[in-house]
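S.K.: Numbering (the numbering used here), first residue to last: 1 to 253. Beta carbons are placed, not taken as given, at the ideal position from N, Cα and C, and that holds for glycine. Nothing here was measured: the structure is a model prediction, and the numbers come from that model. Got a structure for you, written out below as structure tokens; questions coming shortly.
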């Protein structure tokens, strides 16, 4: 339970830091813009040229950083061949968000629903039916499983050895970057960056979980999100369901 609470506190701290940092950068950019305007109207060119160019460079760097953030959110990881930051880049994130919003669905009879309650109700019904468990033919299951290969005793013993911190560290460094996090909001990059801080804590959590045979609540939860595919986005079949699991769960698995 303490790990679940700790992750909530980490998420809140990161959100507060990000909000503070954004506010600081916004103020810095506004100050630089005012400084550039003032220097641009200053008649003493010789004394202001160096300061003017330095302020322009600072503002340019801040704009590039802001554009990079927007492009990453819009799932663009490089923009080497693109021009300098403009309104076009900052609109990319909005366009991506608009496409991912489920604003209307066509029901089987052709009627369209646009209200949140109707959309959620139909989506739940569709995916409950899609993922409903089918009856299992036990005789067929036994037939398919009977000739599967078995592990050698040596391999079984090796797999049953206690978890080590080194194994966990290797798993963390092997995580894929750029993936969406689970409900806790902590992505793979966070664990890689702060592994030297939280590594032993997470290791102790996992050892306790393996000893008890249970996982913390947050490791047993997933959020199902719908990603748009090609085609008519008013058709529920053109949305792909994806379960977002916590990165700590992925590390243990």
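1. List the endpoints of the continuous alpha helix (DSSP H) containing residue 210.
2. For residue 235, count neighbouring Cβ atoms within 10 angstroms of its own Cβ and tell me buried if that reaches 16, exposed if not.
3. Candidates 136, 141, 122: which alpha carbon is nearest residue 237's?
4. Quick check on residue 114: does DSSP put it in helix, strand or coil?
5. Is it a yes or a no for the stretch 145 to 153 touching the stretch 196 to 215, going by three-plus beta-carbon pairs under 8 Å?
6. If I follow the unbroken beta strand (DSSP E) through residue 236, where does it start and stop?
7. Could you please give the first and the last residue of the uninterrupted alpha helix (DSSP H) stretch that includes residue 247?
8. Below 8 Å, can you find three or more Cβ-Cβ pairs linking the stretch 59 to 66 to the stretch 27 to 34?
9. With a threshold of 16 other CB atoms inside 10 Å of the CB of residue 109, please say whether the residue is buried or exposed.
10. Suppose contacts are defined by Cβ-Cβ distances below 7 Å. Is residue 186 in contact with residue 242 by that definition?
11. Going by the CB atoms, is the gap between residue 239 and residue 226 shorter than 7 Å?
12. Would you report the Cα separation of residue 23 and residue 117, rounded to the nearest angstrom?
13. Starting from residue 226, trace the beta strand (DSSP E) both ways and give me its first and last residue.
14. Going by other Cβ atoms of all chains shown within 10 Å of its Cβ, with 16 needed for buried, is residue 194 buried or exposed?
15. Tell me whether residue 180 is buried or exposed, calling it buried when 16 or more other Cβ atoms sit within 10 Å of its Cβ.
16. Could you give the DSSP three-state label for residue 177: helix, strand or coil?
17. Could you tell me which residues DSSP pairs with residue 242 in its beta bridges?
M.R.: Looking at the coordinates:
1. Within the chain shown, the letter at position 210 stands for residue 210. Counting along the chain, the alpha helix (DSSP H) containing residue 210 begins and ends at 195 to 212.
2. Within the chain shown, the letter at position 235 stands for residue 235. By the 16-neighbour rule on beta-carbons within 10 angstroms, residue 235 is exposed.
3. As a first step, residue 237 is located in the chain shown; it is residue number 237 there, counting from the start. Comparing Cα-Cα distances from residue 237 to each of 136, 141, 122, the minimum goes to 122.
4. Taking the chain shown and counting its residues from 1, one reaches residue 114 at position 114. If DSSP states are grouped into helix, strand and coil, residue 114 belongs with coil.
5. With a cut-off of 8 Å, the stretch 196 to 215 and the stretch 145 to 153 do not count as touching, because too few Cβ pairs lie within range.
6. Your numbering for residue 236 matches position 236 in the chain shown. Secondary structure note for residue 236: it is in no beta strand (DSSP E), with a DSSP letter that is neither H nor E.
7. Taking the chain shown and counting its residues from 1, the one referred to as residue 247 is at position 247. For residue 247, the enclosing alpha helix (DSSP H) begins and ends at 247 to 252.
8. Cβ pair count under 8 Å is three or more, so yes.
9. Numbered from 1 along the chain shown, position 109 holds the residue referred to as residue 109. Sixteen is the threshold: since fewer than 16 other Cβ atoms of the shown chains lie within 10 Å of the Cβ of residue 109, the residue is exposed.
10. Mapped onto the chain shown, residue 186 falls at position 186. Mapped onto the chain shown, residue 242 falls at position 242. Not a contact, by the Cβ cut-off of 7 Å.
11. The residue you call residue 226 lines up with position 226 of the chain shown. The residue you call residue 239 lines up with position 239 of the chain shown. Yes, Cβ-Cβ distance for residue 226 and residue 239 is below 7 Å.
12. Against the chain shown, residue 23 aligns to sequence position 23. Against the chain shown, residue 117 aligns to sequence position 117. Inter-residue distance for residue 23 and residue 117 is about 36 Å (C-alpha atoms, whole angstroms).
13. Walking along the chain shown from the start, residue 226 turns up at place 226. Secondary structure note for residue 226: its beta strand (DSSP E) is the uninterrupted segment 222 to 228.
14. Here residue 194 refers to the residue found at position 194 of the chain shown. Exposed, since its Cβ has fewer than 16 Cβ neighbours within 10 Å.
15. Residue mapping note: residue 180 aligns to position 180 of the chain shown, counting from 1. In this structure residue 180 is exposed. Its beta-carbon is surrounded by fewer than 16 other beta-carbon atoms within 10 angstroms.
16. By one-based count along the chain shown, residue 177 stands at place 177. Coil at residue 177, not helix or strand.
17. For the purposes of this step, residue 242 is identified with residue 242 of the chain shown, where counting begins at 1. Note: residue 242 sits in a beta bridge opposite 225.
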